[in-house]
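Beneath this line is the structure, given in structure tokens, with notes to follow.
In the UniProt record's numbering, the protein residues as written are 1 to 300.
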């Protein structure tokens, strides 16, 4: 449908003059001359073929047509102004918000205890956390940035290595009292082993401990490291915990570390982002915070 809006500037001048009932005040509001307002209003009246004002000495009054028109215009301009304000606010909020995907274990055991320092330093940034165990939030478009556990970051993304960690056996403090004493790695043959994704890590640890004959294919496979640790705390068996994430659980006695031996995990935590986001101050603030926290915790 073709819109007859050839006189938008004239409509703007008319609305101000009609609302204020003064050409002089309308000119001041619009930062133009009184003559310019008068010219635009007369052009609109000529286009409509009827007067919109009754002009009297030192006074103007609206005609019936003018009353009808100003009611619609004022309401419409108010709605437009409100919408423009909302759009500007939405853009400002988008520029200061950040969608970060993290695994539940990294979030609860490493990030959340440190986040208050980020919020204190950057109250203007709204950080929204999305929890996922899949590590594909960037490719699916559900987050702008992500912290993932991987051996190699994907191609064509900005990537910053945060830290690696060691793996060591952990279990519930009550577990050794329920079976054979955990006085040597050989005793593991009497316990169920809990595995994350595969049996490979336990096989490597047992080789390092000199007990390659212990059957690693006993116990459950759990594809979420947070659920793996919860199963260990519940006494379901022994898990290989990432030391960087379980320090507080060990100090609090929620987990027991029966052996001092640890092995390096085959992977690391990486902060990932689309290249365009990596150049934006809101993300740079998060990346700098992550680097500082890793340095403070001696993560490697």
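Backbone N, C-alpha and C define an ideal beta-carbon position, used for all residues, glycine too.
Which whole-angstrom value describes the C-beta separation of residue 283 and residue 48, a residue pair presumed to lie in contact below a C-beta threshold of 8 Å? On the chain shown, residue 283 is found 283 positions in, with the first residue counted as 1. On the chain shown, residue 48 is found 48 positions in, with the first residue counted as 1. Your pair residue 283 and residue 48 does not check out as a contact, with CB atoms roughly 54 Å apart and the cut at 8 Å.
Could you tell me which of 160, 199, 240 and 25 sits nearest to residue 171, measuring between CA atoms? By one-based count along the chain shown, residue 171 stands at place 171. Residue 240 is the option with its Cα nearest to residue 171.
Okay, do the stretch 215-232 and the stretch 99-116 touch, 3+ Cβ pairs below 8 Å being the bar? Under the Cβ criterion (8 Å, minimum of three pairs), the stretch 215-232 counts as touching the stretch 99-116.
Buried or exposed: which applies to residue 71, given that a residue is buried once 16 or more other Cβ atoms fall within 10 Å of its Cβ? For this step, residue 71 is matched to residue 71 along the chain shown. Burial is judged here by how many other beta carbons sit within 10 angstroms of a residue's own beta carbon; residue 71 has fewer than 16 and is exposed.
So residue 228 is in the alpha helix (DSSP H); what residue range does that whole segment cover? For the purposes of this step, residue 228 is taken as residue 228 along the chain shown, with counting starting at 1. Here the alpha helix (DSSP H) through residue 228 covers 225-233.
If you follow the alpha helix (DSSP H) that residue 29 is part of, which residue opens it and which one closes it? Taking the chain shown and counting its residues from 1, one reaches residue 29 at position 29. 23-30 is the extent of the alpha helix (DSSP H) around residue 29.
Below 8 Å, how does it come out for the stretch 274-281 and the stretch 145-158: are there three or more Cβ pairs, yes or no? Yes, they touch.
Does DSSP put residue 208 in a helix, in a strand, or in coil? As a working note, residue 208 is residue 208 in the chain shown. Under the three-state reduction of DSSP output, residue 208 falls in the helix class.
Rounded to the nearest angstrom, what separates residue 76 and residue 83 at their Cα positions? Here residue 76 refers to the residue found at position 76 of the chain shown. Here residue 83 refers to the residue found at position 83 of the chain shown. Residue 76 and residue 83 have their C-alpha atoms spaced approximately 11 Å apart.
Beta-carbon spacing of residue 118, residue 285 below 9 Å: Residue 118 sits at position 118 when you count from the first residue of the chain shown. Residue 285 sits at position 285 when you count from the first residue of the chain shown. Closer than 9 Å, so yes.
Residue 85, buried or exposed, once every other Cβ within 10 Å from all chains shown has been counted against 16: Counting from 1 along the chain shown, the entry for residue 85 is found at position 85. Flag for residue 85 reads exposed.
If I'm right that residue 216 touches residue 189 with Cβ under 8 Å, what's the distance once you round it to whole angstroms? Counted from its first residue, the chain shown places residue 216 at position 216. Counted from its first residue, the chain shown places residue 189 at position 189. In this structure, residue 216 and residue 189 do not form a Cβ contact; the two beta carbons are roughly 10 Å apart against a cut-off of 8 Å.
Can you list, in chain order, the residues of its chain whose CB lies under 6 Å from that of residue 121, leaving out five sequence neighbours each side? Locating residue 121 in the chain shown gives position 121, where the first residue counts as 1. Nothing listed; no residue qualifies.
Does the contact criterion of 3 or more C-beta pairs under 8 Å hold for the stretch 124-141 versus the stretch 241-260? Three or more beta-carbon pairs separated by less than 8 Å are not found between the stretch 124-141 and the stretch 241-260, which leaves the two stretches without contact.
Just checking my contact of residue 160 with residue 288 at CB under 8 Å: how many whole Å lie between their CB atoms? Residue 160 sits at position 160 when you count from the first residue of the chain shown. Residue 288 sits at position 288 when you count from the first residue of the chain shown. Residue 288 and residue 160 do not touch by the CB rule: their CB atoms are close to 10 Å apart, not below 8 Å.
Excluding the five sequence neighbours on either side, which residues of its own chain have a C-beta within less than 8 Å of the C-beta of residue 235, listed in chain order? Numbered from its first residue, the chain shown carries residue 235 at position 235. Excluding sequence neighbours, residue 235 sits near 171, 172, 174, 175 and 178.
Can you check which of these residues, 290, 25 and 33, is closest to residue 58 by C-alpha distance? Start at 1 with the first residue of the chain shown, and residue 58 comes out as number 58. For residue 58, the nearest C-alpha among the options comes from 25.
Three-state class that DSSP yields for residue 157 in the structure shown: The residue given as residue 157 occupies position 157 in the chain shown. Collapsing the DSSP output to three states places residue 157 in coil.
Looking only at its own chain, which residues have a Cβ that is under 6 Å from the Cβ of residue 221, when we skip the five neighbours before and after it? Position 221 of the chain shown, counting from 1, holds the residue named residue 221. Counting only Cβ-Cβ distances below 6 Å, and skipping sequence neighbours, we find 195.
Determine the contact status of residue 263 and residue 208, defining contact as a CB-CB distance below 9 Å. Counting from 1 along the chain shown, the entry for residue 263 is found at position 263. Counting from 1 along the chain shown, the entry for residue 208 is found at position 208. Yes, they are a contact pair.
Kindly indicate which residue of 12, 291 and 156 has the alpha-carbon position closest to the one of residue 37. The sequence position of residue 37 within the chain shown is 37, counting from 1. Of the candidates 12, 291 and 156, the one whose C-alpha sits nearest the C-alpha of residue 37 is 12.
Tell me the residue span of the beta strand (DSSP E) that contains residue 116. One-based indexing of the chain shown puts residue 116 at position 116. Residue 116 -> not in any beta strand (DSSP E); alpha helix (DSSP H) instead, spanning 115-121.
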